[in-house]
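According to the working numbering, the sequence shown is numbered sequentially starting from 519.
We put the CB at the ideal spot given by N, CA and C, even for glycine.
Inspection log for the structure reproduced underneath, given as structure tokens.
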Amino acid sequence: MPWQQKIGYLLGQPVGISFMDGTGTSGVLCDAYGGSLYIMEYLYQSQFAIKHYSYSMIQDIHLFPGCHNQQQTNGSVVY
Numbered sequence: 519m520p521w522q523q524k525i526g527y528l529l530g531q532p533v534g535i536s537f538m539d540g541t542g543t544s545g546v547l548c549d550a551y552g553g554s555l556y557i558m559e560y561l562y563q564s565q566f567a568i569k570h571y572s573y574s575m576i577q578d579i580h581l582f583p584g585c586h587n588q589q590q591t592n593g594s595v596v597y
């Protein structure tokens, strides 16, 4: 399913976003309008910021997985 079709059920949810340039970000999807996604991202200490990213920058978007099916492997969590 194209990522644009996922937006409706991802609003208000923690998501991971991959960009066309190979980088990515994560945060809570706050809104989508005017050809941009608005993501609440953690900065540091107790500071957060809403950042916006143009649709043209985005390759894909995914809902964070749940934590109930995790396996511990050498201190890492594998899903």
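Q. Tell me the DSSP bridge mates of Q565?
A. By 1-based counting over the sequence shown, the position of residue 565 is 47. Bridge partners of Q565: Y562.
Q.
Counting C-beta neighbours from all protein chains within 10 Å, is the total for L561 16 or more, i.e. buried, or is it exposed?
A. Position 43 of the sequence shown holds residue 561. Looking at its Cβ environment, which holds fewer than 16 other Cβ atoms inside 10 Å, L561 is exposed.
Q. What residues in its chain sit with their C-beta under 8 Å from that of L528, if we drop five residues either side in the sequence?
A. Position 10 of the sequence shown, counted from the first residue, corresponds to residue 528. Counting only Cβ-Cβ distances below 8 Å, and skipping sequence neighbours, we find L547, I579 and L581.
Q.
Please report the straight-line C-alpha distance between K524 and Q563, rounded to a whole angstrom.
A. As a working mapping, residue 524 is identified with position 6 in the sequence shown. As a working mapping, residue 563 is identified with position 45 in the sequence shown. Spanning the two alpha carbons is a distance of roughly 31 Å.
(Q) I'd like the span of the beta strand (DSSP E) that includes Y527, first residue to last. (A) Translated into the one-based positions of the sequence shown, residue 527 becomes position 9. Taken as a continuous stretch (DSSP letters only), Y527 belongs to no beta strand (DSSP E), being part of the alpha helix (DSSP H) at W521 to L528.
Q. For A567, which residues of its own chain have a beta-carbon under 8 Å away from its beta-carbon, when the five flanking residues on both sides are left out?
A. Against the sequence shown, residue 567 aligns to sequence position 49. M558, E559 and L561.
Q: Please classify G545: is it buried, with 16 or more other beta-carbons within 10 angstroms of its beta-carbon, or exposed?
A: Position 27 of the sequence shown holds residue 545. G545 is buried by the Cβ-count criterion.
(Q) Per DSSP, what are the beta-bridge partners of H570 in this structure? (A) As a working note, residue 570 is residue 52 in the sequence shown. Answer by DSSP bridge pairing, in chain order: Y556.
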